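S.K.: Protein chains in written order, with our numbering: chain V, 1 to 112; chain R, 1 to 116.
Yeah, the Cβ is synthetic: ideal placement off N, Cα and C, and Gly gets one too.
The structure presented is a predicted model; accordingly, all values stated were derived computationally and were not measured.
Once you've had a glance at the structure underneath, I'll fire off some questions.
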Amino acid sequence: GEDVEQSLFLSVREGDSSVINCTYTDSSSTYLYWYKQEPGAGLQLLTYIFSNMDMKQDQRLTVLLNKKDKHLSLRIADTQTGDSAIYFCAEDITGGGNKLTFGTGTQLKVEL
Amino acid sequence: GAVVSQHPSWVICKSGTSVKIECRSLDFQATTMFWYRQFPKQSLMLMATSNEGSKATYEQGVEKDKFLINHASLTLSTLTVTSAHPEDSSFYICSATRSTGSTEAFFGQGTRLTVV
């Protein structure tokens, strides 16, 4: 089966780092993604990681992948109020076919 | 970057009528498009995979006669919700990929459907 779990809500202060966690069950995932969704809008791809990598950094974003534990995390450094949104992790087990299984979503609230 | 546009952004319709939602890739050709459904405060659930020139592949539990998908060209896929009922009210989002093996799917802005 393909179950992707995330915590539902995270609140941080502006300027702090945010860490959003995701666990998945399908070990055949090839790509793992992080998407951002603002209210009433579609999804914006933030970053992705190939399954043979354990870390990827892209400006304020750091993705860590622990394939053994099937655990994925997204760290946002210097979190800003504009980062407030729902964050979804997603896995693609089709080898780049882009048929994605999404996590439950984590609502990030950034407070002043 | 690639742009995917959905139309309409939101629609209200009467129960029993049909609604068509369009998904267009504006600056690239999309061999495959995906249709997702999102209930309030929930994740996206894949409904079907739409391939240009062939029949859509529906996920388990999705009624293909209720959710008609047509992918007539490399830049347009449509989802028609037939005989809509209030329980069909949801946020429908499409995504498109340039080609098989591409690492990125580009998402439309979504369509909010309310059936009254």
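Can the beta-carbon of R/S43 be found closer than 8 Å to that of V/F88?
M.R.: Position 43 of the second sequence, counting from 1, holds the residue named residue 43 of chain R. Position 88 of the first sequence, counting from 1, holds the residue named residue 88 of chain V. Taking 8 Å as the Cβ cut-off, R/S43 and V/F88 qualify as a contacting pair.
S.K.: With distance defined between alpha-carbon atoms, name the residue in R/F39, R/T17, R/S18 nearest to R/I93.
M.R.: As a first step, residue 93 of chain R is located in the second sequence; it is residue number 93 there, counting from the start. Cα-wise, what sits closest to R/I93 is R/F39.
S.K.: Which of the three DSSP states is assigned to V/D78 in this structure?
M.R.: Here residue 78 of chain V is taken as the residue at index 78 of the first sequence, counted from 1. Reduced to three states, the DSSP call for V/D78 is coil.
S.K.: Is V/G105 close to chain R, meaning its C-beta is less than 8 Å from at least one C-beta of that chain?
M.R.: Here the question's residue 105 of chain V lines up with position 105 in the first sequence. Yes, its Cβ sits closer than 8 Å to a Cβ of chain R.
S.K.: Residues of chain R with CB under 7 Å from V/L45, in chain order?
M.R.: Taking the first residue of the first sequence as 1, we reach residue 45 of chain V at position 45. The contacting residues are E104.
S.K.: Tell me the rounded alpha-carbon separation between V/T30 and V/M55.
M.R.: Translated into positions along the first sequence, residue 30 of chain V becomes position 30. Translated into positions along the first sequence, residue 55 of chain V becomes position 55. Computed Cα separation, rounded: 14 Å.
S.K.: Looking at the strands, I want to know which residues DSSP matches up with V/T106.
M.R.: Translated into the one-based positions of the first sequence, residue 106 of chain V becomes position 106. According to DSSP, which records beta bridges pairwise, V/T106 is partnered with V/Y87.
S.K.: By the 10 Å Cβ neighbour count, where 16 or more other Cβ atoms means buried, how is R/T114 classified, buried or exposed?
M.R.: As a working mapping, residue 114 of chain R is identified with position 114 in the second sequence. With fewer than 16 other Cβ atoms within 10 Å, it is exposed.
S.K.: So if I threshold CB-CB distances at 8 Å, which residues from the segment 20-45 of chain V count as touching chain R?
M.R.: Listed by position along the chain: Y31, Y35, G40, A41, G42, L43, Q44, L45.
S.K.: Please tell me whether R/I93 has its Cβ less than 8 Å away from any Cβ of chain V.
M.R.: Here the question's residue 93 of chain R lines up with position 93 in the second sequence. Closer than 8 Å: yes.
S.K.: Closer than 7 Å by beta-carbon distance: list the chain R residues that pair up with V/F102, in chain order.
M.R.: Locating residue 102 of chain V in the first sequence gives position 102, where the first residue counts as 1. Those are S43, L44, listed as they occur along chain R.
S.K.: If you run the structure through DSSP and keep just helix, strand and coil, what is V/D16?
M.R.: If you number the first sequence from 1, residue 16 of chain V lands on position 16. Residue state, collapsed to three classes: coil.
S.K.: Is it right to say V/E91 is buried, meaning 16 or more other beta carbons lie within 10 angstroms of its own, or is it exposed?
M.R.: Sequence index remark: in the first sequence, residue 91 of chain V carries index 91 (1-based). That one is buried.
S.K.: Got a sec? Which residues, its chain only, sit under 6 Å from R/R24 by beta carbon, not counting five neighbours each side?
M.R.: Reading the second sequence from its first residue, position 24 is the one you call residue 24 of chain R. Closer than 6 Å at Cβ, skipping near neighbours: S5, T75, L76.
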